[in-house]
Amino acid sequence: MSLQNPESRQPVLSVDNLTVRFNGAPANVVDGVSFSVQAGKTLAIVGESGCGKSVTSMALMGLLPATATVTASASRLLDEPLLGMPAERLLDVRGNRMAMIFQEPMTSLNPVFTIGEQIAESVMRHQGLARKAAMQRALQMLEHVRVPDARQRLDAYPHELSGGMRQRVMIAMALANDPKLIIADEPTTALDVTIQAQILALVSALQAQTGTSMILITHDLGVVAEVADEVMVMYAGQVVESGSVKTLFDDPQHPYTIGLMGSMPSIGPRQGRLATINGRVPTPAEMPSGCRFAGRCPFAISACREARPALLEVTEGHFAACIRAPLEQHLGASA
Ligand SMILES: Nc1ncnc2c1ncn2[C@@H]1O[C@H](COP(=O)(O)OP(=O)(O)OP(=O)(O)O)[C@@H](O)[C@H]1O
Ligand SMILES: [Mg+2]
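For any residue, its number in my numbering is found by taking its place in the sequence shown, counting from 1, and adding 55.
So this is what it looks like as structure tokens:
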């Protein structure tokens, strides 16, 4: 893709000031989040459990329950506004222009239909193919995601497959209609380590072939370093830092990002997982005003608790929301 062509710089997805609040909750669980995903690129969203990663992706897919109120200043998927699009149009867009791969494939595969029927159903719906052609496409997709004995597996039910095979089926289904954007929410966490690596390698290879953009939600910083182009770090529903993978790993600015990365163990079974920072993410009922991380931050001063820190551009394309950044200047004082 040529850099001279302004079309190629149009993001596939862009969201401005996304906010989600559940009925009765005293605070937003996603609070003013903005980001975009460029064509063919992967944006990783990282952050501890409860930071709002899944709620962000479910909001984009229009999959939150009616108890959630979703707002945004603007949102676009390719050439059309995304949030608030008519329900019927959303059914066309979902599984077609954008598709989702979930952590646990059993939650999104229907136990009473065969694998072949489920992939074919989606293809018939979105591409208008007749049943026979759709089954052919299903077979092709299973071969594409390297399911062995694909022809026999077409007639298998989800429970007859291993976890890794089910995840391959989910990926086949997600890719069957050539989506422009895939949202993968912890796609390998439920699998054992060798299978995780195989699935990630497969997703990367397929993404490179098809030029699909991806939002990858993961706890695994090793995966981020390997697969992502851009990273967005979320804490308690807000973006605390974002930038290219290289920038974030080489020059993290927010104490939360530094905590996640600094405590990343280099060996052992927890390799690459987000390690623990003292304390935990506040629930919506406990959400502090000011910086939401202040209660756990070794660098916090009283000003941190007074106002929400703005997400400021540190260097080109690198943003951080911390009034104490850069931290080097405080290291002597806090030691
Ligand atoms: N249906 C719901 N009703 C009320 N609150 C919800 C609902 N779904 C999520 N939440 C709350 O929204 C917040 C963000 O949850 P979310 O599932 O997005 O976290 P996450 O970053 O994906 O965490 P994890 O890494 O564990 O998957 C949490 O406080 C959670 O309790
Ligand atoms: Mg989640």
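Note that beta-carbon positions come from the ideal geometry of N, C-alpha and C, so glycine has one too. Predicted model only: the values in this text are computed from it and were never measured.
Asked	Found
I believe C391 touches R363 by the beta-carbon criterion, under 8 Å. Please report the beta-carbon distance rounded to the nearest angstrom.	An answer regarding residue 391 cannot be provided, because it is not within the stretch 56 to 390 covered by the chain.
Taking only heavy atoms of ligand 2 into account, decide whether any of them is closer than 7 Å to the Cβ of K108.	yes
Please tell me whether, using a cut-off of 7 Å, the distance from the CB of T249 to the nearest non-hydrogen atom of ligand 1 is below it.	no
Does at least one heavy atom of ligand 1 sit under 7 Å from the Cβ of P136?	no
Would S128 pass as an interface residue toward chain C - the criterion being a Cβ-Cβ separation below 8 Å?	Chain labels in this structure do not include chain C; a single protein chain is all it has.
Indicate, with yes or no, if ligand 1 has a heavy atom lying under 7 Å from the CB of V84.	yes
Residues in its own chain within less than 6 Å of A175 by CB, not counting five upstream and five downstream?	A189, M190, A193
Hey, could you find the ends of the beta strand (DSSP E) A154 is sitting in?	153 to 156
Figure out for me which residue from Q253, P81, Q308 has the closest Cα to the Cα of T338.	P81
What is the rounded straight-line gap between the Cα of P105 and the Cα of A185?	It should be noted that the sequence gives Gly, not Pro, for residue 105. Each residue's alpha carbon lies about 43 Å from the other.
Can S177 be considered in contact with ligand 1, in the sense that its beta carbon sits closer than 7 Å to one or more heavy atoms?	no
What's the gap between the Cα of P381 and the Cα of P307?	9 Å
In or out: H309 buried (at least 16 other Cβ within 10 Å) or exposed?	buried
Please name the residue or residues paired with S91 in a DSSP beta bridge.	S69
Check whether the Cβ atoms of I270 and M116 lie closer than 8 Å to each other.	no
Check whether the Cβ of D240 lies closer than 7 Å to any heavy atom of ligand 2, and answer yes or no.	yes
CA-CA distance, D204 and E135?	40 Å
Got a sec? Which residues, its chain only, sit under 6 Å from F77 by beta carbon, not counting five neighbours each side?	T122, A123
Which same chain residues end up closer than 6 Å to I313 when comparing Cβ atoms and leaving out the 5 residues on each side of it in sequence?	P307
Determine, using beta-carbon pairs with one atom in the stretch 158 to 166 and one in the stretch 89 to 105, whether at least three such pairs fall under 8 Å.	no
Just to check, is the beta-carbon of T104 closer than 7 Å to a non-hydrogen atom of ligand 1?	Checking the displayed sequence, the identity of residue 104 turns out to be Ser instead of Thr. Indeed, a heavy atom of ligand 1 lies less than 7 Å from the Cβ.
Straight-line CA distance for V167 to V282?	35 Å
Among N333, N83, E215, which one has its Cα closest to the Cα of N72?	N83
In the DSSP assignment, what are the bridge partners of H385?	None, per the DSSP bridge assignment.
Do V70 and V88 have their CB atoms nearer than 8 Å?	yes
Apart from the five residues on each side of it in sequence, which residues of its chain come closer than 6 Å, Cβ to Cβ, to Y311?	Y290, V295, F348
From the DSSP output, in three-state form, read off P339 for me.	helix
Would you mind working out which of R64, L236, G95, V125 sits nearest V75, comparing C-alpha positions?	V125
Among the residues of its own chain, which have a CB less than 8 Å from the CB of G372, if the five just before and after it don't count?	G298, S299, T302
Ligand 1 and T312: does the residue's C-beta get closer than 7 Å to at least one heavy atom of that ligand?	no
Is the closest heavy atom of ligand 1 to the C-beta of T343 under 7 Å?	The question names Thr, yet the displayed sequence has Pro at residue 343. No; taking the cut-off as 7 Å, the Cβ of P343 has no heavy atom of ligand 1 nearer than that.
What residues match up with L236 in a beta bridge as DSSP calls it?	M153, S268
Which residue comes first and which comes last in the alpha helix (DSSP H) that contains G277?	276 to 282
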